[in-house]
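Heads up, the thing below is written out as structure tokens.
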Amino acid sequence: MTDHRRLRELLSDSRVSKDPTQHWPSWIDGSVPQDWALAGWVGVRNMFTAHGQRHRRLRSLVSSAFTPRRVTALSPDVREITEELLDELADTPAGVQVDLRESFAYPLPISVICRLFGVPDRMRPGLRRVVDGVFDTSATPEQVRATQHELYELLGELVADKRAAPADDLTSVLLAARDEQDGRLDERELVDTLILLIGAGHETTVNLLDQAVVALLSHPEQLELVRAGDYSWDRVVTETLRWQPPLANVPLRYAVEDIELDDGVVIGRGEPILAGYAGACRDPRRYDRPDSFDITRDDNGDHLAFGHGAHYCLGASLARLEAETALPAFFARFPEVRLAVPAAEIPPAGGFIANGHRRLPVVLREE
Ligand code: HEM
13 MTDHRRLREL LSDSRVSKDP TQHWPSWIDG SVPQDWALAG WVGVRNMFTA HGQRHRRLRS
73 LVSSAFTPRR VTALSPDVRE ITEELLDELA DTPAGVQVDL RESFAYPLPI SVICRLFGVP
133 DRMRPGLRRV VDGVFDTSAT PEQVRATQHE LYELLGELVA DKRAAPADDL TSVLLAARDE
193 QDGRLDEREL VDTLILLIGA GHETTVNLLD QAVVALLSHP EQLELVRAGD YSWDRVVTET
253 LRWQPPLANV PLRYAVEDIE LDDGVVIGRG EPILAGYAGA CRDPRRYDRP DSFDITRDDN
313 GDHLAFGHGA HYCLGASLAR LEAETALPAF FARFPEVRLA VPAAEIPPAG GFIANGHRRL
373 PVVLREE
């Protein structure tokens, strides 16, 4: 569904569920194999695939950690991580190409989320590999099984570490909910909630930073507006989210009962629905000149890049904080930065969920 108005309505319609075990007949009867490329999106057991009361229970266990106030308290950490990465980047010799995705857009959100959840450094490469696997929508059944196996092994190790030595981090908070409040969170829900939160911190904000840099460097007049102080960085972030949503499409939802749309089309009970965020964010019925990246526009406040309704992104404030910290700091440190190849030649990431690039070649300073 890419129609902005209808998608928004469906996202807050209680007749639309994300729980395949209750509302997707093809999942229930086993005709969708467990090693399907999207099984990691559909079959996890956490708030992402929960409906109604169970969704509220699973979300409430962690939502207090992501309130705007709690997130603002992370600001010094985000600034510190940003400055460290910029210092490393500053060692790049003038005139030399650097992959900004690898050296800035990737490590920043990963460092923040790993710090928040107390993930030890040694686990980071493995986690990154498995999250890449989950986002690979063309994975073969063997690859899906291998990813799942490694994912549960890694998370199992993290849980065992924290059980042995609880610390001041969110993994330990979730473990306490699992161990002390019997029945509130089962072991599978615990591990899958960790997967969701740590995974969400890996790919989405990476794409936001990546896309914002490409957008600004390929629209120098817009960069000039924000550099001159005429427009704020939060406008850059909002317009990037609308113009290039980091999650282009999100699987899956299911009609709990027949749903008749206002044009007479019926989504039959049990039929799957794909939330087409990238399409909806450029719906010409909703946005004036939808394909133009324009930070001065005022019609983008209701973009759907963070979803809408009960499953609205829990990490939205954190993602915004990261982007609104990282982008001004980066452009202030490297005023001469330019794309090393034309924007159209930067290879997109594969798959139809993540919306970023494989790499982001830039030159930070001229010789
Ligand atoms: C720019 C960055 C991000 C974007 C664009 C984004 C986008 C989204 C979207 C579209 C959804 C709704 C999925 C759906 O049901 O259709 C969502 C859900 C979610 N996001 Fe994010 N996300 C971002 C960053 C983060 C971060 C940093 C975290 C946490 C650390 C996070 C945690 C979550 C969680 C837990 C959910 C599930 C909420 C629920 O099902 O109730 N996200 N996100």
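Going by my numbering, the sequence shown opens with residue 13, and the numbers climb by one from there. All C-beta atoms, glycine included, are put in the ideal place defined by N, C-alpha and C. All of these numbers come straight from a predicted model, not from anything done at the bench.
Terminal residues of the alpha helix (DSSP H) in which residue i lies
i    : result
L264 : Unbroken run through L264 is the beta strand (DSSP E), 262-267; no alpha helix (DSSP H).
Q109 : Counting along the chain, Q109 falls outside any alpha helix (DSSP H), though it belongs to the beta strand (DSSP E) covering 109-111.
I93  : 87-102
T337 : 328-345
R68  : 64-75
T33  : 32-35
G246 : Correcting the residue type first, residue 246 is Asp in the shown sequence and not Gly. Counting along the chain, the alpha helix (DSSP H) containing D246 begins and ends at 245-255.
R82  : 80-84
H323 : Element bounds for H323: n/a, residue is neither H nor E.
Within 8 Å, strictly: CB atoms of residue i and residue j
i    : j    : result
R247 : K30  : no
F78  : L326 : yes
D181 : F129 : yes
A227 : F305 : yes
P258 : G368 : yes
S244 : V83  : no
V268 : R27  : yes
G321 : L23  : yes
L316 : L19  : yes
R332 : V249 : yes
N261 : G241 : no
V90  : T252 : no
T14  : D303 : no
D222 : L372 : yes
V108 : L101 : no
Q65  : G55  : no
T308 : L237 : yes
A49  : V203 : no
A189 : L73  : yes
T159 : G145 : yes
L167 : L229 : no
R254 : C293 : yes
G213 : I125 : yes
Range covered by the beta strand (DSSP E) that runs through residue i
i    : result
L286 : 284-287
P137 : Unbroken run through P137 is the alpha helix (DSSP H), 136-147; no beta strand (DSSP E).
Helix, strand or coil at residue i [DSSP, three-state]
i    : result
H214 : helix
V374 : strand
R350 : strand
V131 : coil
E272 : strand
A179 : coil
P45  : coil
V203 : helix
H369 : strand
I279 : strand
P232 : helix
D121 : A small correction: the amino acid at residue 121 is Pro; Asp does not occupy that position in the sequence shown. Three-state result, P121: helix.
L197 : coil
P296 : coil
P153 : helix
V171 : helix
S26  : coil
L316 : coil
Among the options, nearest to residue i - alpha-carbon criterion
i    : options                : result
P263 : I271, P284, L351       : P284
L377 : A366, D242, A106       : Per the sequence presented here, residue 377 reads as Arg, with Leu not at that position. Residue A106 is the option with its Cα nearest to R377.
L170 : Q155, F318, L186, R157 : L186
V225 : G276, V349, R57, A49   : V349
G52  : S150, A331, Q223       : S150
T217 : P32, P373, L120        : L120
P32  : D148, L70, L166, G282  : G282
R370 : D295, D314, F342, E215 : E215
F147 : E379, D15, A366, D314  : A366
V143 : A102, L208, G168       : L208
E95  : A188, S123, L70        : S123
D25  : R309, D270, E379       : D270
H390 : T152, E201, W255       : This structure gives no information on residue 390, because the portion of the chain shown stretches from 13 to 379.
S75  : V353, E21, P153, Y324  : Y324
A172 : A352, P132, R141, P153 : P132
heavy atom of the ligand FAD below 7 Å from residue i C-beta
i    : result
P258 : With respect to the ligand FAD, the structure shown offers nothing to examine, as its ligands consist of the ligand HEM.
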